[in-house]
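Trainee: Following the working numbering, the numbering of the sequence shown begins with 219 at its first residue and continues without gaps.
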Amino acid sequence: MPDTLTITDNRTGKTYEVDITNETISAMDLRKIKVHDDDFGMMTYDPGYTNTASCSSSVTYIDGDKGILEYRGYPIEQLAEHCDFQEVAYLLLHGELPNASQLAEWTDSLKMHTMVHENIKEQMASFRYDAHAMGMLISTVASLSTFYPEAKKVHCAENRMIQAKRLIAKVPTLAAYAYRHSQGHPYNYPKNNLSYTENFLHMMFKMSDNPYKPEPALVRALDVLFILHADHEQNCSASVMRAIASSEADPYSALAGAAAALYGPLHGGANEAVLNMLRTIGDVKNIPDYVAKCKDGVHRLMGFGHRVYKNYDPRATIVKKCADDVFKVTGRNPLLDIALELEKIALEDEYFVKRKLYPNVDFYSGLIYQAIGLPVTMFPVMFAIPRTVGWLAQWQELMEDDERRIQRPRQVYLGERKRDFVPIDQRG
Ligand code: ACO
Numbered sequence: 219m220p221d222t223l224t225i226t227d228n229r230t231g232k233t234y235e236v237d238i239t240n241e242t243i244s245a246m247d248l249r250k251i252k253v254h255d256d257d258f259g260m261m262t263y264d265p266g267y268t269n270t271a272s273c274s275s276s277v278t279y280i281d282g283d284k285g286i287l288e289y290r291g292y293p294i295e296q297l298a299e300h301c302d303f304q305e306v307a308y309l310l311l312h313g314e315l316p317n318a319s320q321l322a323e324w325t326d327s328l329k330m331h332t333m334v335h336e337n338i339k340e341q342m343a344s345f346r347y348d349a350h351a352m353g354m355l356i357s358t359v360a361s362l363s364t365f366y367p368e369a370k371k372v373h374c375a376e377n378r379m380i381q382a383k384r385l386i387a388k389v390p391t392l393a394a395y396a397y398r399h400s401q402g403h404p405y406n407y408p409k410n411n412l413s414y415t416e417n418f419l420h421m422m423f424k425m426s427d428n429p430y431k432p433e434p435a436l437v438r439a440l441d442v443l444f445i446l447h448a449d450h451e452q453n454c455s456a457s458v459m460r461a462i463a464s465s466e467a468d469p470y471s472a473l474a475g476a477a478a479a480l481y482g483p484l485h486g487g488a489n490e491a492v493l494n495m496l497r498t499i500g501d502v503k504n505i506p507d508y509v510a511k512c513k514d515g516v517h518r519l520m521g522f523g524h525r526v527y528k529n530y531d532p533r534a535t536i537v538k539k540c541a542d543d544v545f546k547v548t549g550r551n552p553l554l555d556i557a558l559e560l561e562k563i564a565l566e567d568e569y570f571v572k573r574k575l576y577p578n579v580d581f582y583s584g585l586i587y588q589a590i591g592l593p594v595t596m597f598p599v600m601f602a603i604p605r606t607v608g609w610l611a612q613w614q615e616l617m618e619d620d621e622r623r624i625q626r627p628r629q630v631y632l633g634e635r636k637r638d639f640v641p642i643d644q645r646g
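#1: Within the same chain, show all residues whose beta-carbon is closer than 8 Å to that of proline 404, passing over the 5 residues directly before and after it, in chain order.
#2: Please find out if some non-hydrogen atom of the ligand ACO comes closer than 7 Å to the beta-carbon of leucine 484.
#3: Quick one: is the Cβ of glycine 523 within less than 7 Å of any heavy atom of the ligand ACO?
#4: Assuming aspartate 555 is part of the alpha helix (DSSP H), what are its boundary residues?
#5: With which residues is lysine 232 paired in a DSSP beta bridge?
#6: Would the C-beta of glycine 608 count as close to the ligand ACO, meaning under 7 Å from any of its heavy atoms?
#7: Which first and last residues belong to the beta strand (DSSP E) in which isoleucine 286 is found?
#8: Rounding to the nearest angstrom, what Cα-Cα distance links valine 579 and glycine 259 in this structure?
#9: Quick one: residues in its chain with C-beta nearer than 6 Å to the C-beta of glycine 486, no 5 flanking neighbours on either side, listed in chain order?
#10: Does the pairing of the region 604–613 with the region 294–312 give three or more beta-carbon distances under 8 Å?
#11: Quick check on the burial criterion: 16 or more other C-beta atoms within 10 angstroms. Buried or exposed for leucine 585?
#12: If you measure from the CB of aspartate 580, is any heavy atom of the ligand ACO nearer than 7 Å?
#13: Can methionine 600 be considered in contact with the ligand ACO, in the sense that its beta carbon sits closer than 7 Å to one or more heavy atoms?
#14: For glutamate 615 and aspartate 638, I'd like the C-alpha separation in whole angstroms.
#15: Between the Cα of glycine 500 and those of Leu560, Leu321, Ala375, Asn240, spot the shortest distance and give me the residue it belongs to.
#16: Opposite tyrosine 279 in the DSSP bridges: which residues?
#17: If distances are taken between C-alpha atoms only, which option among Pro641, Lys284, Pro316, Glu618 comes closest to glutamate 376?
#18: Quick check on DSSP: helix, strand or coil for threonine 364?
#19: Hey, quick one: how far does the alpha helix (DSSP H) through leucine 610 stretch, first residue to last?
#20: Any chance the CB of arginine 398 is under 7 Å from a heavy atom of the ligand ACO?
#21: Does proline 577 come out as helix, strand or coil in the three-state DSSP assignment?
#22: How many angstroms separate the CA atom of aspartate 468 from the CA atom of valine 640?
#23: Use the C-beta contact count for leucine 419: other C-beta atoms within 10 angstroms, 16 or more gives buried, fewer gives exposed.
#24: Given a threshold of 16 other Cβ atoms within 10 Å of its Cβ, counted over all protein chains shown, does tyrosine 263 qualify as buried or as exposed?
#25: Could you have a look at threonine 270 and say whether DSSP puts it in helix, strand or coil?
#26: Rank His254, Arg249, Val253, Ser272 by C-alpha distance to the C-alpha of methionine 261 and give the top, closest one.
#27: With a threshold of 6 Å on Cβ separation, who are the neighbours of isoleucine 445 within its own chain once the five nearest residues in sequence on each side are excluded?
#28: Given 7 Å as the limit, tell me if alanine 479 has its C-beta closer than that to any heavy atom belonging to the ligand ACO.
#29: Helix, strand or coil: which one does DSSP assign to phenylalanine 423?
#30: If you draw a straight line from the C-alpha of alanine 387 to the C-alpha of asparagine 417, how long is it?
#31: Got a sec? Which residues, its chain only, sit under 7 Å from cysteine 540 by beta carbon, not counting five neighbours each side?
#32: Considering only residues of the same chain and omitting the five flanking positions on each side of threonine 595, which have a CB-CB separation below 6 Å?
#33: Indicate whether isoleucine 556 and valine 502 have their beta-carbon atoms separated by less than 8 Å.
#34: Quickly, what does DSSP pair isoleucine 251 with across the bridge? List them, please.
#35: Name the DSSP beta bridge partners of phenylalanine 522, please?
#36: Skipping 5 residues on each side, what residues in its chain have a beta carbon closer than 6 Å to that of histidine 450?
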């Protein structure tokens, strides 16, 4: 016997029974609740989808109240400690951690796809000198669909995996090209004897013929940051990925849309916004005034609060530790003192405590990116590189879901009805 929910409609006195499956009722079951036979039936109203499950998923588990994050059942803390990013990418896409030979095959096959067509390079070179790196990444990812028209065969699992590998391998190359473009420096081709993160740093920072060997601590920090950002279940950008892919668009077009959603300051643009905020505050003595303005609604405390976590974001704890390791190599970022003091004050302040506003993953990640030598415009790009894996895992799952339908929400229409047309010379 399934669990059920009994609903009484006080307009009619009628009682309805709906099944409860996985602690959820089906929104379609509410449609039988009607006053008249020809009514449309009851809907739910949920702006921002705060309490609506749009899919079932086995990729990422979050318990926001307890501060738990797991990829395919593995706690994020263990993955960040023991894995490199490519291993986690395999896990997210395949559902299981790879054994040694699977991992070797996986990393080799990603290396096969790191290069981009020379036309893509030329296309990137045509952006304005001051183009935002994220704008360059979004539009160039979309362009990739024109280079791989076979990506349209979204029902073929084998074809989907090839496109997924291409995207995971090429997005760092595009990201590095965007950075080099903004610096006015020649692009560095990928170097496939390096690890995923080493190769990325090489493409970013290698200058002319000088040997380039990134600090191992920075390579490891980047791996950890990439692992932490790889997926986060049905967030804004993952939902966009699924929404676009639900129309069976190719993954490059869908991923460009997901990246565009990530660009906003309330989502992946938050780390850029955090750094700008810390610079605006400028000095520890200015913090009380800044916090007071947050409480008055003048601005938000960027890097604080989360739709799902109503506890310390587990990723923020790991990022904070990661920041310590990086600063040992690069020297302390002076903005760190402001960040630490801001966090201390906010965690004690009743306004933030009452609303369960804790630091999120982006509160400290920007400080690390800055220490590595990245400009703020690269921060959302640094988020998009690993999240590419999460978007693709969500896409793969969607395409294999028997209950997949084109996404098409309903609305509560509150506008005018049945008005007669008025010729223009008779309008007030
Ligand atoms: N600073 C000050 N007040 C805040 C903040 C903040 N950062 N976040 C939420 N609040 C307040 C709101 O004003 C509201 O107060 P009220 O009840 O008095 O009106 C209450 O807390 C609830 O806020 P909502 O906007 O309803 O919360 P929601 O879940 O919709 O928003 C969000 C979550 C967008 C992340 C929000 O907390 C925010 O804007 N944070 C700053 C931006 C940020 O750091 N984003 C990164 C998110 S993590 C990521 O994408 C990887």
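Backbone N, C-alpha and C fix where the C-beta goes; we use that ideal spot for every residue, glycine too. As the structure is a computational prediction, the values presented were derived from the model and not from experiment.
Mentor: Considering the structure as presented:
#1: Arg398
#2: yes
#3: yes
#4: 553–566
#5: Asp227
#6: no
#7: 286–289
#8: 41 Å
#9: Leu480, Pro598, Phe601
#10: yes
#11: buried
#12: yes
#13: no
#14: 48 Å
#15: Leu560
#16: Glu288
#17: Glu618
#18: helix
#19: 597–617
#20: no
#21: strand
#22: 44 Å
#23: buried
#24: exposed
#25: coil
#26: Arg249
#27: Leu297, Ala298, Phe303, Val306
#28: no
#29: helix
#30: 11 Å
#31: Ala439, Val442, Leu443, Ile586
#32: His350, Ala351
#33: yes
#34: None; isoleucine 251 has no bridge partner.
#35: Pro577
#36: none
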